[in-house]
Each structure stands twice: as C-alpha cells, then as structure tokens.
Amino acid sequence: MIGLTVRQMLYFDALAQTLHFGRAAKLAGVSQPALSAQIAEMEERLNCHLFERGGKTVRMTDEALVLQPRIERILADIRDVETTARRGRPAMEGRFRLGIIPTVAPYLLPRVLPELKKHFPGLQLELREAVTASLVEDNVSGRLDAFIAALPLDQPGLVTEELFPDRFFLAVPAGDPAFASPPVPPESPALERLMLLEEGHCLREQALAVCGNVRPVAMASYGATSLTTLLQMVAHGLGVTLVPEMAASAASVMPDLRIVPFQEPMPQRMICLAWRRNKVRQDECLELAKIIRGLDAAVLA
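Start counting the sequence shown at 1; every next residue gets the next number (full-length UniProt numbering).
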C-alpha cells in the first residue's frame with residue numbers, strides 16, 4: 001500500500017501551483033522545511049521524482065504532470081465532503097475561503113471584514129488575492145468557496161450575485177493641460193498615454209474597452225502588477241491610467257495626482273460575488289452578498 005496522505009497531496013498541489021517552495025509553504029500555511037520534507041516523502045513513496053530543483057527554479061516532472069489532475073480531483077472531492085458535512089450547521093460559521101481581485105481587495109476588505117466579524121464571530125475567513133482567471137480556476141477546483149470579481153465571467157457552472165456598480169475615473173498628472181477642462185470624452189487623444197496593468201488583470205481589459213476608440217498601439221504597458229504602482233507613475237508624469245471609483249478617494253490625496261471624470265454616461269464595471277453552481281454553500285454566499293450590498297454607498301466609494 002502506497003499510503004499517500006491528504007497533507008502530502010495538499011502540499012503537492014500548492015507547489016504545483018506556485019513552482020516555488022517558499023510561496024508554496026506560505027500558501028499551505030506551513031514552514032518551508034515541513035513542506036519540503038512531505039514532498040520528499042511523497043516522492044519516496046511513489047518511487048519517482050515529482051519536482052526538479054535547479055537553483056531558485058522548480059519544474060514539474062512528467063510524472064508530476066500526469067498526477068496533477070488526479071490529485072486536484074481527489075482534493076476537490078475531499079473538500080466537497082467537508083462542505084457537505086456542514087449541512088445543518090448555522091450559516092456563516094466555520095471556515096470560508098474567499099478570493100478577491102487585487103483592484104477590489106484593498107478598498108473593499110477594510111469595510112467588509114469588521115461587518116463580518118461583528119455579525120458572524122464564528123466565521124473563519126481565509127482570503128486569497130489573485131487575478132480573475134486564477135480565482136475562477138481555484139473556485140471550480142474547490143480551493144475557494146466563493147470569490148469577488150468584476151462581470152462578465154465567461155465560465156459555465158458559476159452562480160453570480162451583483163454587488164454594486166463601480167464607476168471609472170481617470171488619474172492624470174496634476175496640472176496637465178490636456179485635462180484642464182473635464183469631463184474627459186472616451187475618444188480623447190490624450191488617452192493614447194494610457195498605462196495598463198500587466199496581462200491577466202481584468203482592469204486592463206476594462207481600460208481597453210472604455211477607451212476603445214483610442215489606438216491601442218499607442219497605449220503604454222509597463223507590466224505593473226498593482227494599481228498603486230500605476231498611480232505613482234502617473235504622479236511622476238509618465239502617463240494616465242483608469243481608476244475605479246472605490247479607489248478614487250485614496251488616489252485623490254496622492255501628491256501630484258488629479259482624479260477627473262469621464263463624460264456621461266460614465267463607464268463602470270459591475271462587482272459581483274461568484275461561486276460554483278451547488279447548493280451546499282449557497283445560503284452563505286447569498287448572506288455574504290447581502291452584507292456587502294448593505295454597506296453604505298459612501299463607504300464603498
């Protein structure tokens with residue numbers, strides 16, 4: 001009997017996701033030596049190498065690539081068993097794994113978390129911040145119970161609840177003559193200086209959609225991974241960028257930065273809560289959506 005443990009499969013899954021022992025240990029919530037020891041024991045039990053270590057790089061072997069989808073299915077089934085066992089218990093109690101996109105997390109979580117703690121002290125919330133595609137994958141595979149992102153979500157099998165609209169503004173260098181008289185029309189030539197987040201961020205695609213009449217080849221992409229980085233670049237006169245309304249208040253206090261509106265009707269995105277199409281955690285997801293929608297609109301802005 002091989003005797004693989006669920007813990008070993010969890011650590012395998014974390015390392016397969018990150019291809020980095022330090023990040024995998026953080027994702028699994030253990031020390032790096034503990035994770036490395038379990039991976040080594042797993043390899044010994046299977047009598048094969050699963051990961052090739054070369055300096056700071058980690059690569060999955062062919063054997064690991066074959067095992068990965070099977071282990072993901074096993075872990076998804078185990079998570080479904082855990083979730084099913086919760087039936088009959090009070091809603092919003094115990095472990096709940098929530099994902100959230102980076103352009104929402106810093107602005108929404110400080111408002112939502114105190115409300116959840118106040119109303120549901122028994123809730124053990126585990127948070128994961130990642131781009132939409134990663135959150136969809138983690139939810140479908142059972143690694144997340146639900147996630148917060150922007151519509152549309154092109155994934156069958158998901159249930160979505162609209163939370164609130166989030167209008168778009170434009171962050172520009174203070175004193176820039178091109179934006180002396182807002183509102184800004186979406187076809188303004190000045191938007192050719194638009195800076196975008198790196199590939200994979202939904203805000204990048206939303207910016208391209210909002211400014212669709214501007215030549216995309218003229219748009220600057222610096223591979224920035226956060227909105228904060230882009231805003232700093234705008235403040236130093238390197239270009240302009242799209243900023244969601246929920247981030248506008250924080251951005252407006254940055255020196256050398258100005259937040260200006262678009263022409264009406266102002267472009268916007270719809271923030272939603274999404275989860276797999278099953279009834280096991282649906283009541284909790286609906287309760288979470290209710291809490292978020294119940295926040296005062298001024299609090300979300």
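From the three backbone atoms N, C-alpha and C, an ideal C-beta is built for every residue, glycine too.
Restricting attention to 118, 79, 102, 69, the CA atom closest to the CA of residue 288 is found in 118. For residue 124, the enclosing beta strand (DSSP E) starts and ends at 123-129. Comparing C-alpha distances from residue 65 to each of 19, 246, 158 shows the shortest one belongs to 19. Annotated as distal: residue 231 and residue 266, with beta-carbon spacing of 8 angstroms or more.
Nearest C-alpha to residue 168 among 35, 270, 176: 270.
DSSP, read as helix, strand or coil, puts residue 61 in coil. Beta-bridge analysis with DSSP links residue 272 to 149, 162. Restricting attention to 173, 210, 261, 295, the CA atom closest to the CA of residue 238 is found in 173.
DSSP lists 197 as the beta-bridge partner residues of residue 224.
Residue state for residue 72 is assigned as helix, using DSSP reduced to three classes. The continuous beta strand (DSSP E) containing residue 243 extends over residues 241-244. Cβ contact annotation for residue 228 (same chain, cutoff 7 angstroms, sequence separation greater than five): none. In terms of Cα proximity to residue 107, the closest of 281, 278, 248 is 248. In this structure, residue 207 and residue 196 form a Cβ contact; the two beta carbons are roughly 6 angstroms apart against a cut-off of 8 angstroms. Under the three-state reduction of DSSP output, residue 100 falls in the strand class. Counting along the chain, residue 295 sits inside no alpha helix (DSSP H), nor does DSSP assign it H or E at all.
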